[in-house]
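Structure record follows, encoded as structure tokens.
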Ligand code: PLP
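In this note's numbering, the protein residues as written are 449 to 856.
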């Protein structure tokens, strides 16, 4: 104890990290691992990661990249050929002309977002964030001492920020508007009309940067690509950073690879920042993606079809459980479920007081791990990752249903 106190007096954290907390998702996973080690058969539908391995096309390209010696530093902005390939892909996706100079390769979308906020947000600036949101955004933004202005959405708008809401919250202090479609946790996809309306609002606020987190843009169930605001409002291109990566569409979570597309001078700054922080993204991941991108399309199509079946099946199962209301999942691989009707009900005489308390009870009593809406800035909901084997989904639905049937 004394030692710990001694250490604390030396290790006084810097102001900008004083509010930082460990990722709640990783903490929960650790708890589930402990329970598993004690012999419990935990079904985990929590972390945002498909259960399957990276596509074979990418795995073999990675092995070849190691054998061929692509194991050294790359340029800070990434391999030239990969930047070229991704600029062509992004030009098609976003509907604007792009060159390799408009792209910098980064070490995962989380780091890409961190870089953008570090490079463009000052203390006292504000970032507009619609809720529910991906758990890490507020923490990443707070590291710049920038204020997160959270805008709650609701069921009526499909959990999407409306043009009217955006107009009302923009001020002179607003530095960034952050848009995530398909959305984590709701799996909602903004329509072309909704994006156009948001773009029109931004038109009269030229000081606002737009950051789009497009990590799920290829995992959609209508068409092959989610609509993008730049496609509809190309006038925003000089102040937009579009962030995408390999983690979700190409099942490359552990490879840590992403890319930022934006105006050339902004990309130069982001590249300098990267060169002074992590030097460059992982060389093997870069070469593997470069060599397998066209071949991986075929795998992606099959992956999407597999997800469609799992999504429909799990939705139907949860929809039959009294007191739970799932929303249609339009993109990504999450089922967002309203559990408010269960608040006040009791399990073994203990009341369910919130979605957090329900999540904890499901883990303790039903060996089922999901995430509660509180982590995403909106209590009253649960999020389930359905990118798992059908057997796991069946088990999860059965446990959920049995648990709810025991409530008094
Ligand atoms: N953005 C969103 C919306 C996510 O859901 C995730 C991961 O769950 C990330 C970013 C981070 O992705 P990466 O693995 O590329 O850092």
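We put the CB at the ideal spot given by N, CA and C, even for glycine. All figures in this text were calculated on a predicted structure; none of them were measured in a lab.
Query                                                                                                                                                                                     : Result
Leaving out five residues on either side along the sequence, give the residues of the same chain with a beta carbon under 7 Å from the beta carbon of residue 601.                        : 578, 579, 607, 608 and 609
For a test of your reading of the model: does the CB of residue 661 fall under 7 Å from any non-hydrogen atom of ligand 1? Yes or no.                                                     : yes
Residue 794: beta carbon under 7 Å from a heavy atom of ligand 1?                                                                                                                         : no
Write down the C-beta distance between residue 657 and residue 624 rounded to the nearest angstrom, noting that I regard them as a contact closer than 8 Å.                               : 5 Å
For residue 662 versus residue 676, is the C-beta distance shorter than 8 Å?                                                                                                              : yes
Can you tell me whether residue 730 is buried or exposed? The criterion is at least 16 other CB atoms within 10 Å of its CB, across all chains shown.                                     : buried
Should residue 521 be labelled buried (16 or more other beta-carbon atoms within 10 Å of its own) or exposed?                                                                             : exposed
Mind checking who residue 575 pairs with in its DSSP beta bridge?                                                                                                                         : 596 and 624
Tell me the DSSP secondary structure of residue 661 in three-state form.                                                                                                                  : strand
Going along the chain, which unbroken runs of the beta strand (DSSP E) with 3 or more residues stay wholly within the segment 674-701?                                                    : 688-693
Can you tell me whether residue 389 is helix, strand or coil according to DSSP?                                                                                                           : The structure shown does not extend to residue 389, since the chain spans only 449 to 856, so no value can be given for it.
Distance check for residue 473 and residue 770, CA to CA, integer angstroms please.                                                                                                       : 27 Å
Can you tell me whether residue 628 is buried or exposed, with buried defined as 16 or more other CB within 10 angstroms of its CB?                                                       : buried
Just to check, is the beta-carbon of residue 608 closer than 7 Å to a non-hydrogen atom of ligand 1?                                                                                      : no
Does residue 587 come out as helix, strand or coil in the three-state DSSP assignment?                                                                                                    : helix
Measuring from the CB of residue 833, is there a heavy atom of ligand 1 at a distance below 7 Å?                                                                                          : no
Can you tell me which of the three DSSP states residue 461 falls into?                                                                                                                    : coil
How about residue 795 and residue 777: are their beta carbons less than 8 Å apart?                                                                                                        : no
Could you give the C-beta distance for residue 690 and residue 533, rounded to a whole number, given that I count them as a contact under 8 Å?                                            : The pair is not a contact, with the Cβ atoms about 16 Å apart (cut-off 8 Å).
So, is residue 839 buried or exposed, given that buried needs 16 or more other C-beta atoms within 10 angstroms?                                                                          : exposed
Would a C-beta distance cut-off of 8 Å place residue 706 and residue 554 closer than the cut-off?                                                                                         : yes
Would you check if the distance between the CB atom of residue 626 and the CB atom of residue 559 is smaller than 8 Å?                                                                    : no
Taking 6 Å as the limit between beta carbons, can you name the residues of its chain near residue 589, skipping five residues before and five after?                                      : 565, 575 and 596
Might you give, ordered along the chain, the residues of its own chain that have their beta carbon closer than 7 Å to the beta carbon of residue 647, omitting 5 neighbours on each side? : 677, 680, 681 and 684
Am I right that residue 727 and residue 525 are in contact with their C-beta atoms under 8 Å? What's the rounded C-beta distance?                                                         : Not a contact, Cβ separation roughly 11 Å.
Indicate the three-state DSSP secondary structure (helix, strand or coil) for residue 771 in the structure shown.                                                                         : coil
Mind checking which residues open and close the alpha helix (DSSP H) that includes residue 618?                                                                                           : Looking at the DSSP string, residue 618 is not in any alpha helix (DSSP H), and its letter there is neither H nor E.
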